[in-house]
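Chemist:
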Amino acid sequence: MKERRIPAIKDGTVIDHLPSRDTFRIIRILNPQEFKHPINLALNLNSKKIGSKGVIKIDSRFLTQSEVNKIAILAPNATVSIIKNYKTTEKIQVKLPEELVGVLNCTNPVCITSKEVIISKFKVLREKPLEVKCHYCERVYGKDEVEIKGK
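Under UniProt numbering, the first residue of the sequence shown is numbered 1, with each subsequent residue one higher.
#1: Is the segment 8 to 28 touching the segment 99 to 111, taking contact as three or more C-beta pairs under 8 Å?
#2: Can you tell me which residues form a DSSP beta bridge with Q133?
#3: By the 10 Å Cβ neighbour count, where 16 or more other Cβ atoms means buried, how is G150 classified, buried or exposed?
#4: What does a CB cutoff of less than 8 Å around I39 pick up in its chain, not counting 5 residues either side in sequence?
#5: At a Cβ threshold of 9 Å, is D16 touching chain C?
#6: Could you tell me whether the Cβ atoms of E90 and S81 are closer together than 9 Å?
#7: Which partner residues of Q93 appear in the DSSP bridge assignment?
#8: I'd like the list of long-range same chain contacts for K48, defined as Cβ closer than 6 Å, with 5 residues on each side in sequence excluded.
#9: To the nearest angstrom, how far is the alpha carbon of L125 from that of C134?
#10: Relative to the ligand SAM, is the shortest distance from any of its heavy atoms to the C-beta of I39 smaller than 8 Å?
#11: Given a cut-off of 9 Å, decide if K10 and I92 are closer than it, judged by their beta-carbon atoms.
#12: Kindly identify the DSSP beta-bridge partner or partners of N105.
#13: What separation, rounded to the nearest whole angstrom, lies between the Cα atoms of S120 and V94?
#14: Could you pull the DSSP bridge partners for E99 from this structure?
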């Protein structure tokens, strides 16, 4: 039987196969201070897929598509499991959409999104390694350069 490092949840979401180095960044973009229920976190677990992984369990809460898209930016190999009555009812392999709308901030100071209230749009040029391009100023960003909304 497999040993549990963090307790099972009755209802909620499990985010698995997160790169350990990005797990805290993922927690921050999910705005955990707004959650009313417990969040369990494990880091540096052994993973055959990615070496060292993180796992996040969010009790009594399910993620929006926008939140899943944010996770996909930092953890393209992540899986999101929906738990109901202690059973996995759905398992989703995260996938970046072709376009990210309202998910990232463009940090280019001359971009129109820096001066006016405009919803950001980024085209995904490449998933691995991540490369996105701002729709307005056409600046290209890599994974470590993107600024994800919701921090």
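Glycine is no exception: its CB is placed at the ideal position from the N, C-alpha and C atoms.
Modeler: Reading off the structure:
#1: no
#2: Reading the sequence as shown, one finds Lys at residue 133 and not Gln. In the DSSP output, where bridge partners are listed per residue, K133 has K123, V140.
#3: exposed
#4: I27, P32, I56, K57, I58, D59
#5: Absent from the structure is chain C; it holds one protein chain and no more.
#6: yes
#7: T79
#8: none
#9: 10 Å
#10: You won't find the ligand SAM in this model; it holds no ligand whatsoever.
#11: no
#12: E147
#13: 21 Å
#14: K123
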